[in-house]
Amino acid sequence: MGVVAEDTGPRRTRGPSPQKTAQTRNAVTRAALELFLANGYRNTRINDVATRAGVAKGTVYLYFPDKQALFAGVIGEVLDHRVTALAAAEPADGESVRDFLKRTLLPQLTALESNSPWLGLLRLVMTEGREAPEIARLHRERVLDPLAAQIQRWAQIAADRGEVDSDALQRIPLLLLSPAILATLWNGLYPENPINAANAFEGFVDLAFGVPPDPTDGDDDPQAGGTRR
Numbered sequence: 253m254g255v256v257a258e259d260t261g262p263r264r265t266r267g268p269s270p271q272k273t274a275q276t277r278n279a280v281t282r283a284a285l286e287l288f289l290a291n292g293y294r295n296t297r298i299n300d301v302a303t304r305a306g307v308a309k310g311t312v313y314l315y316f317p318d319k320q321a322l323f324a325g326v327i328g329e330v331l332d333h334r335v336t337a338l339a340a341a342e343p344a345d346g347e348s349v350r351d352f353l354k355r356t357l358l359p360q361l362t363a364l365e366s367n368s369p370w371l372g373l374l375r376l377v378m379t380e381g382r383e384a385p386e387i388a389r390l391h392r393e394r395v396l397d398p399l400a401a402q403i404q405r406w407a408q409i410a411a412d413r414g415e416v417d418s419d420a421l422q423r424i425p426l427l428l429l430s431p432a433i434l435a436t437l438w439n440g441l442y443p444e445n446p447i448n449a450a451n452a453f454e455g456f457v458d459l460a461f462g463v464p465p466d467p468t469d470g471d472d473d474p475q476a477g478g479t480r481r
């Protein structure tokens with residue numbers, strides 16, 4: 253009877269499951285978000301992120317080679333799903349672009365009224381973008397540029413339908429976001445007298461697209477034929 257040779261080669265070790273990998277990555281990005289918002293981008297260290305996430309420093313580098321990549325990961329965690337959802341949004345059948353913009357963007361802007369991570373990241377970029385241009389570039393590439401492309405497309409739809417007289421939104425699409433940017437800047441400087449970002453946006457849309465006539469406005473005297481107001 254032959255002798256079975258013993259396998260003395262190195263044993264293969266099973267790596268972490270995809271679920272565990274995702275959990276660890278999410279823990280790192282959550283910790284980084286908290287520290288970026290609390291301490292700023294420049295004052296946040298990878299060591300501190302690792303400690304907050306409860307992982308080794310080397311684990312952070314497994315997912316993100318440097319702090320810039322970590323910030324990009326945070327943007328992806330907080331904002332990518334919003335940008336993706338807007339990229340797929342289209343006016344419904346029979347819906348004006350004006351009404352579509354209010355239906356689609358007002359809920360997003362309402363989030364700016366709370367102390368949300370979205371608002372915190374926007375303020376962080378505004379505050380530190382000059383000294384840390386890499387985060388301003390990331391925010392523009394991942395958030396502003398895709399939004400500008402979408403707004404341009406919506407503005408073209410409105411123009412094709414004859415819903416707007418000006419081509420301003422096609423030429424400068426980020427004008428549509430100017431009320432939210434103004435509100436964010438103003439509220440950071442003057443929190444005692446805040447501007448409601450959603451209300452400011454709604455007012456801008458009315459200025460850009462006009463206010464449709466009130467269907468309840470009828471003749472002064474319908475029975476007598478009346479006159480239009």
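The working numbering puts the sequence shown at residues 253 to 481.
Heads up, the beta-carbon is just placed ideally off N, CA and C, and yes, glycines get one too.
Cβ shell of residue i (< 7 Å), same chain only, five flanking positions each side left out
i, result
"Ala-283", "Val-301, Arg-304, Ala-305"
"Tyr-293", "Phe-323, Leu-376, Glu-380, Ala-384, Ile-387"
Pair within 7 Å by beta-carbon distance, residue i and residue j
i, j, result
"Val-335", "Pro-398", "yes"
"Leu-361", "Ala-450", "yes"
"Pro-369", "Ile-403", "no"
"Thr-281", "Val-326", "yes"
"Glu-415", "Val-349", "yes"
"Leu-421", "Ala-407", "yes"
"Pro-359", "Phe-352", "no"
"Gly-446", "Asn-439", "Reading the sequence as shown, one finds Pro at residue 446 and not Gly. Taking 7 Å as the Cβ cut-off, Pro-446 and Asn-439 qualify as a contacting pair."
"Thr-296", "Leu-289", "no"
Boundaries of the alpha helix (DSSP H) in which residue i is found, first to last residue
i, result
"Ser-430", "430–441"
"Phe-456", "449–461"
"Ala-308", "Taken as a continuous stretch (DSSP letters only), Ala-308 belongs to no alpha helix (DSSP H), as it is neither H nor E."
"Val-377", "369–380"
"Gly-414", "No alpha helix (DSSP H) holds Gly-414; DSSP gives it neither H nor E."
"Leu-361", "349–362"
"Leu-396", "No alpha helix (DSSP H) holds Leu-396; DSSP gives it neither H nor E."
"Asn-445", "Premise fails: Asn-445 is in no alpha helix (DSSP H) and is neither H nor E."
"Asn-278", "270–291"
"Arg-294", "Per DSSP, Arg-294 belongs to no alpha helix (DSSP H) and is neither H nor E."
"Phe-323", "319–339"
"Ile-387", "385–391"
Close-in-space but distant-in-sequence residues of the same chain around residue i (CB under 6 Å, 5 per side omitted)
i, result
"Gly-477", "Here the model assigns Gly-477 a pLDDT of 47, short of 50, so the residue's position is not dependable and the matter cannot be decided."
"Arg-480", "Reliability fails at Arg-480, whose pLDDT of 37 lies under 50, so the model's placement of it is uncertain and the value that follows must be treated cautiously. Result list for Arg-480: empty, nothing under 6 Å."
"Gly-462", "none"
Contact set for residue i: own chain, Cβ-Cβ below 8 Å, skip 5 residues either direction
i, result
"Leu-437", "Met-378"
"Ala-484", "The structure shown does not extend to residue 484, since the chain spans only 253 to 481, so no value can be given for it."
"Arg-394", "Ala-324, Ile-327, Gly-328, Leu-331, Asp-332, Val-335"
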